[in-house]
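Engineer:
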Ligand code: SF4
């Protein structure tokens, strides 16, 4: 399906990906000037924990859990000072609680032992933390002002495909395409723009093409 939208853009005479990416970014930036990360955190460690907890759940749900969590656990050491079952209970509502509690404790241990308790800045270092894969590392680095890639989540994947920006299905390959296409200064904000557009307009089941600012640039547009 993704493949057909790249070809469809050509068929509809919408221009190449390179020609369309500038106007796409510009229109999205105007439409979603408030697009930013929806997770709530007040420190680098809280950011890291929030992003780790956000796997397979909504940001709203994570915020609900972390409101209590961050009052109780203030430093990396605090996550190791309680029995694992207690941490599991405290992150239970985010789902996959056993795995998440284990990853958080592993990450906090490495943070303390190898990074003096500070969240590292590079993808290479971040992905050394247990439970931190490329997507989590990308989100954290980007929020810390050290963008080194393009975050690909479910919205970014769906919209990149619909907009005919990639033929790929695999997030790593989609990121590779977007890195080549999107100007570097937009790597950080571009995923937020697609995520907000995906939540507000380009919904998974019923995209609202009639009211979409991208409809003249989109090969999947139904109008
Ligand atoms: S035109 Fe439709 S399919 Fe294309 S981005 Fe907008 S809402 Fe999504």
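In the working numbering, the protein residues as written are 33 to 255. Beta carbons: idealized from backbone N, C-alpha and C, even for Gly.
(1) Is it the case that the CB of residue 36 approaches a heavy atom of ligand 1 more closely than 6 Å?
(2) Look at the alpha carbon of residue 86 and the alpha carbon of residue 186, and state the distance between them as a whole number of angstroms.
(3) Which ranges does the alpha helix (DSSP H) cover as unbroken runs of at least 4 residues, wholly within the region 57-137, from first to last along the chain?
(4) Which full runs of the alpha helix (DSSP H) of 4+ residues lie inside the region 137-194, going along the chain?
(5) Cα separation between residue 39 and residue 196?
(6) Would the beta-carbon of residue 252 be found less than 6 Å away from any heavy atom of ligand 1?
(7) Say the cut is 6 Å; is the CB of residue 246 nearer than that to a heavy atom of ligand 1?
(8) If you reduce the DSSP assignment to three classes, tell me which class residue 225 lands in.
(9) Determine whether the beta carbon atoms of residue 68 and residue 127 lie at a separation below 7 Å.
Structural biologist: This is what the structure gives:
(1) Against the chain shown, residue 36 aligns to sequence position 4. It does not: the Cβ of residue 36 is nowhere closer than 6 Å to a heavy atom of ligand 1.
(2) The count along the chain shown starts at 1 and reaches residue 86 at position 54. The count along the chain shown starts at 1 and reaches residue 186 at position 154. Spanning the alpha carbons of residue 86 and residue 186 requires a straight line of approximately 12 Å.
(3) 76-85, 91-104, 108-113, 116-123
(4) 155-158, 166-175, 186-194
(5) The count along the chain shown starts at 1 and reaches residue 39 at position 7. The count along the chain shown starts at 1 and reaches residue 196 at position 164. Computed Cα separation, rounded: 8 Å.
(6) Here residue 252 is taken as the residue at index 220 of the chain shown, counted from 1. Because some heavy atom of ligand 1 lies under 6 Å away, the Cβ of residue 252 counts as near it: yes.
(7) Position 214 of the chain shown, counting from 1, holds the residue named residue 246. Checking every heavy atom of ligand 1 against the Cβ of residue 246, one is found closer than 6 Å.
(8) On the chain shown, position 193 is the one that residue 225 refers to. Of the three classes helix, strand and coil, the one that applies to residue 225 here is helix, per DSSP.
(9) For the purposes of this step, residue 68 is identified with residue 36 of the chain shown, where counting begins at 1. For the purposes of this step, residue 127 is identified with residue 95 of the chain shown, where counting begins at 1. Not closer than 7 Å, so no.
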